[in-house]
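Peer 1:
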Amino acid sequence: MPRSNPRGVRIIAGLLLLTLCLTLQLGTADVAARQLVILNWPDYLAPSVISRFEKEFNAEVVEVHFDSDEHRTQALLKKSKGYDLILVSNSDLAAYARKGWISRYDPQQIPNLKHLDPKWQQAFPSSVGYGVPYFWGSVGILYRGDLVDQPITQWRQLFKPSANLAGRINMIHDGRELISIGLKSLGYSINSTDPAQLAQVEQLLLEQVPMVKSYRYLSLKPDSAIIRGDIHAAVVYNGDALMLQRYSDDLIYTLPDEGSYLWVDYFSIGAQASNTELAHQFINFINRPEIAAEQANHVHYASPNRAALKLLPPEYLSNPTIFPTSVPLENSEFLQPISAESLRQRNAIGAKILP
Amino acid sequence: MRLQSKITLTIIPMIIVPLLLVGILAYLELWSHNVNYSQEQISGYAKGLDTEYNNRIKIAEMALSSLANDDLIQDYLLTEDPDVRYGLMESPVLRRLVSLQKANPSLYEIRLILPDGFEELRVVNRDLPNHTEYEQLSDPFIVAADNPDPLSHHIAVNSDNGELALYVSRQLWLADIGQEGFNAMPELRAVISITLNIDEFATHALPKPWDQGRALLTDSSGNVLEGVGQQLHRPDWMPINLKPVNQSDWEEYTLFGALMAHHSRQIGPNLYLQILLPQMLINSTGRKVGGIVLLMMLATLVVVIPVLLVLLHRQFLSPIQTLNLALDNLGNMGQNSDQVKLRSHGDDEIGELYSAFNRMSQELYQSQQRIQNLAYIDTLTGLPNRALFQRNLDQAVAQSERDNHTLALLFIDLDNFKPINDNMGHQAGDKLLRMIAQRLLLNLRSSDLAGLIDHEHPDSNFSRLGGDEFTVLLPRLDAAHQAGIVAERIIGAVTQPFELDDQTIYIGASIGIALWPEDARSTEQLISHADQAMYEAKNRGKNCFKYFSPNIGQRSREMATIEQRLHLATENQAFELHYQPILETSSGQIRSFEALIRWNDEQLGRIPPDKFIPLAEQNGLIVEIGQQVLNQACEQLCQLHQQGYGSIKMGINLSTRQLTRPQFASEVINTLDRYRLKPSDIYLELTETSVMKGQKQTVRNLSKLSRLGIQIAMDDFGTGYSSLSYLKRLPIDLLKIDRSFINQLENDSNPAILSAIITMAHAMGLEVVAEGVELESQMRFLSDHNCDLVQGYLFSPPRPADGILELLQAQPVPLQQVSA
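Residue numbers (this note's numbering), protein chains in the order written: chain A, 3 to 357; chain B, 371 to 1190.
1. Go through its chain and collect everything with a Cβ distance to residue 1174 (chain B)'s Cβ below 6 Å, but skip five positions before and after it.
2. Going by the beta-carbon positions, is the gap between residue 1021 (chain B) and residue 1053 (chain B) smaller than 7 Å?
3. Can you pull the chain B neighbours of residue 72 (chain A), defined as C-beta to C-beta under 7 Å?
4. So with Cβ pairs under 7 Å, would you call residue 1212 (chain B) a contact of chain A?
5. Does the beta carbon of residue 353 (chain A) come closer than 7 Å to any beta carbon on chain B?
6. Which residue marks the beginning of the alpha helix (DSSP H) containing residue 1077 (chain B), and which one marks its end?
7. Whose C-alpha, out of A:324, A:192, A:293, is nearest the C-alpha of residue 238 (chain A)?
8. Would DSSP call residue 249 (chain A) helix, strand or coil?
9. Whole angstroms is fine: what's the gap from residue 724 (chain B)'s alpha carbon to residue 734 (chain B)'s?
10. Just the C-alpha distance for residue 35 (chain A) and residue 279 (chain A), rounded to the nearest angstrom, thanks.
11. Are the C-beta of residue 198 (chain A) and some C-beta of chain B separated by less than 7 Å?
12. Out of B:430, B:1132, B:414, state which residue places its alpha-carbon closest to the alpha-carbon of residue 645 (chain B).
13. Consult DSSP for residue 978 (chain B) and reduce its assignment to one of helix, strand or coil.
14. Output yes if chain A places a C-beta closer than 7 Å to the C-beta of residue 500 (chain B); else output no.
15. I want to verify the contact list: residues of chain A whose CB lies under 9 Å from the CB of residue 487 (chain B), in sequence order.
16. For residue 451 (chain B), go through chain A and note every residue whose CB falls closer than 7 Å to its CB, in chain order.
17. Taking CB distances under 7 Å as the criterion, tell me whether residue 349 (chain A) reaches chain B.
18. How do the stretch 860-868 of chain B and the stretch 895-911 of chain B stand: do at least 3 beta-carbon pairs fall below 8 Å, yes or no?
19. May I have the straight-line CA-CA distance separating residue 440 (chain B) from residue 447 (chain B), to the nearest angstrom?
20. 7 Å is my cut-off, CB to CB: does residue 561 (chain B) come that close to chain A?
21. So, using beta-carbon positions, are residue 841 (chain B) and residue 835 (chain B) closer together than 7 Å?
22. State buried or exposed for residue 24 (chain A), treating a residue as buried only when at least 16 other CB atoms are found within 10 Å of its CB.
23. For the candidate residues A:45, A:326, A:78, A:89, whose alpha-carbon lies nearest to that of residue 284 (chain A)?
24. Step through the CB atoms of chain B and report whether any lies within less than 7 Å of the CB of residue 309 (chain A).
25. Three Cβ pairs or more, each shorter than 8 Å: is that satisfied between the stretch 52-62 of chain A and the stretch 142-156 of chain A?
26. For residue 466 (chain B), which residues from the same chain have a beta carbon less than 8 Å from its beta carbon, with the 5 sequence-adjacent residues on both sides left out?
27. Can you tell me whether residue 441 (chain B) is helix, strand or coil according to DSSP?
28. For a test of your reading of the model: does the CB of residue 583 (chain B) fall under 6 Å from any non-hydrogen atom of the ligand GDP? Yes or no.
29. Would you identify the three-state DSSP class for residue 531 (chain B), choosing helix, strand or coil?
30. For the alpha helix (DSSP H) holding residue 865 (chain B), just list the boundary residues, first then last.
31. Return the chain-ordered ranges of every beta strand (DSSP E) run that is complete within the stretch 158-205 of chain A and spans a minimum of 3 residues.
32. Count the other CB atoms within 10 Å of the CB of residue 558 (chain B); is the residue buried (16 or more) or exposed (fewer)?
33. What does a CB cutoff of less than 8 Å around residue 13 (chain A) pick up in its chain, not counting 5 residues either side in sequence?
34. Buried or exposed for residue 1163 (chain B), going by 16 or more other Cβ atoms inside 10 Å?
35. What did DSSP end up calling residue 1002 (chain B) once you bin it into helix, strand or coil?
36. Is it the case that the Cβ atoms of residue 1029 (chain B) and residue 1071 (chain B) are separated by a distance below 7 Å?
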């Protein structure tokens, strides 16, 4: 569930509505051209790939962007109709299916599924059959090696920052992920349902609040706060780290040894999709090995497409940011389905922490 | 009481009383205004709280309305799948609640409570632990869930924090159309509850200056709604059953002995805001303002009164005191004091008073001067009077004592002034006195007396004491005889004739001189001695001067003793009469006797009449003595008549003073009747001078006596005026020629005069008696010249009563026969 996020949430929301309207207008005006409406992170599809698809399938791709899981959910809560494809993170997949926003895909119509590592499809039993894996990644720390006193290797260093670091920290704007790294920093599982452990996390996060400069997705542009030096350390998705590192050699990315929060993004067919066939064709298209490889090069995330990996260069394949080393990875976890009670507690914590 | 006290006592109450009244009224007015103001402020404050309270409810209700109509929330509540509900929807719903709360931070707790009482969602913006997740037993929830009105509010203690809180709740009824179709009936899905802080209402201390007071929230029965533990902070502030009072009223409420002003305002159903304010506080603000007014008033008094008093004193009292003092000075203004004058005092009424005073003072001063002049100046002559003389004398004596000079006092008495005054009238007498004064003054100022008279103040040496008495003071004598020189000069001046009313008047002066320090030891003595010396001069024949001598003093003392004994003698009728016969020249027979008074005093011995009669004349005893003489003489004559000498007559001497008595004639007649005598049995002798002095009464008495048949004899004729014209005018029967004529018959001129008198008297039908016949030659002359009667030692001296019978018996019979 990664992506680049050049603008703020509000702008995205505005675009979302605008795009939606345009889509509907176009839909009625131009009957000849098929339209594919995708609810997606921004910058999460390589433009070359989209134009190639449009050409090949004589269709028009319309993207509606969100910039957080929650934002996406809100958009869907407002209006779930009209989306042919919806990009869903692993943690929301089952609920979306239960809510009826996404429907099972037809494997027959996606022959390229064979290129995919089956473990990603089977990873979350409650949502098997609802999403086709797109990328997977982690959450780590990006920091300014030239500005911090000592290398940051642990979550604890963000939660209990040194005097120098305090006030120069950017945290991710996602309750689930904040709680997860909080749990990790305390040595607990991110799937813990122990109210006491969660209460400790709540305490940890609340205590950190005064020392956090901002809770937001970092800009991936050259004028990003961490490039400017306003921010010395930030919680980022690993792909975003690679994007930003292109602008500065002082940026160091760490996946802490305590382990981290791992995620998988899936493309799902919208339950009320207007063109499920085209949607299937799109999923099949992007899972062509060469397309998948092109995508991976673009977004710097790890692709679940084994055929594509073969096409990718060794720099990509051996990049520890994309493919973490064994120790941190072993300590990292995917979020599993959590009890309602625990969800309530986590929701409450998120509501308290996030601005 | 003094004016200052009066004014003070008048003005101070006049200032104090109105000022005090104004002050008290202002105090009361301000006090009541302040109390009202306080009450209005508090009421306004209560109203503000009321509005605030209801505003909060409104805000909460609006928030509730927006939440209840929120699709997301409705969707959330209708979503039963826990994964969806909590995995997807709860977080956005919480965000929704949080953003609402951020817009309205006063909604400090927003909760979604499920119908079973489960607290589904809870958003708080303060550190507030959640003690209860299941609310089914909580009061607010029950109220909200059971309320027939979906909207409700309720005040209760928040069990999470123990604070008093306002719960505004809304029931959310939803039909699950998605699941149950359009015919689905709405069900109660949740109660949305907003918790508001109203602790501030309940615990709110009132704003200053009423921070001693308290606002309390109660229900209608007066139970105070308080958060848990709050009362512990203010145990004094837990009134029991504080029944709300009428909203517009203030009532009194006693709380733990303190009087409170009590005000209530209903701000919700069964909810009252009640305010207790210590009455003292309300009063004290009023009292403070009033106190300031009173203080200002007192300060005004303190400032105004002294200033007023000072002004009063300066502007009125002081001038009045000055005036008063000036008036006192005016009262005490002595002979030599200057005129009392006040400095001018502006042009106000007091200034006018001062001017008036000055005018009065000046007039008074001038009158005083005039009075002094009157007091010291003799108005007739312009000379110093007796009083000034006395003062001058005192000064002169003192001066003399210092300078060792001899001082002389000349006492001048005019001779023969009285007859002139009597005959020519007082106006003429006064005129004469003025002329005399002028002449004397002129003489005294002449240069040859320069050494004796004070040249600078010659008048001070010359005074008129009154009547015809003058004095001259000679303060610096080198020798005693210088006083005599001055006296002679005065006598010389006075004896010069005066032309008065076309008549030429001749008068003289008798002067007595007394010297200081030789003759006296005091001024009184000096005056007395000069006076005595003057009398001496008079006695020495007048128109001369006499120095005082101890003899004169001696005589004066004798005279004093004589006068004293005279009174006694008169009282005791101690006088006796001697009788001297008067014989007819032709027959030698005794015609009559002249009764002559004799006084033989037990102490002083014989005192001759010429010594005591003038005294008696002076002191008036003569009247009484004269009467005694009349009685005695008549008694003696009566005896003689009874003894057979019925033709004998009695001559009785009269004094002028007797004759001036209007009743004298009748007294004489009464006496005669008493002794059964006829008027023709006696004749009355009087002197020329007594007739000359004679006033009209004298003439009237004489005429009356004469008409009654009593003969009048003119005694001592020839010694006075010897004016025959009087004899013509008066009823004179007998003329007695003074003995001096008889004694000096040897002188050449006298026999002719005597003869002429006898002839003339006879011509006028008068009988003539010659007195003092002692020699046969004299008898012969008288007989030759037809003098009718004779009297004298040649025949018999005056004899006592028992001796006269002998004389009569010794007479030749024919005479007796003839008489009989």
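Where a beta carbon is used, it is the ideal one built from N, C-alpha and C, also for glycine.
Note that the coordinates shown come from a computational prediction; the quantities given were computed from them, not determined experimentally.
Peer 2: Walking through what the data contain:
1. 949
2. yes
3. The answer, in chain order, is 461, 462.
4. As shown, chain B starts at 371 and ends at 1190. That puts residue 1212 (chain B) outside it, with no answer to give.
5. yes
6. Its alpha helix (DSSP H) spans residues 1066-1078.
7. Selected option, being the one with the closest Cα: A:324.
8. coil
9. Rounded to the nearest angstrom, the two C-alpha atoms are 15 Å apart.
10. 14 Å
11. So no, residue 198 (chain A) is outside the interface.
12. B:414
13. coil
14. no
15. Per Cβ cutoff of 9 Å: no residues; residue 487 (chain B) is ~16 Å from chain A at best.
16. 100
17. yes
18. no
19. 11 Å
20. no
21. It is a contact, given that the beta carbons lie within the stated cut-off.
22. For residue 24 (chain A), the predicted model reports a pLDDT of 48, less than 50, meaning its position is unreliable; a value from the coordinates is still stated below. So residue 24 (chain A) counts as exposed.
23. A:89
24. no
25. Not touching, per the Cβ criterion.
26. Here the set comprises 437, 440, 442, 443.
27. helix
28. No copy of the ligand GDP occurs in the structure displayed, which carries no ligand at all.
29. coil
30. 851-865
31. 171-173
32. Exposed.
33. With a pLDDT of only 46 at residue 13 (chain A), under 50, the local geometry of the prediction cannot be trusted, and no value is derived from it.
34. exposed
35. helix
36. Cβ atoms of residue 1029 (chain B) and residue 1071 (chain B): closer than 7 Å.
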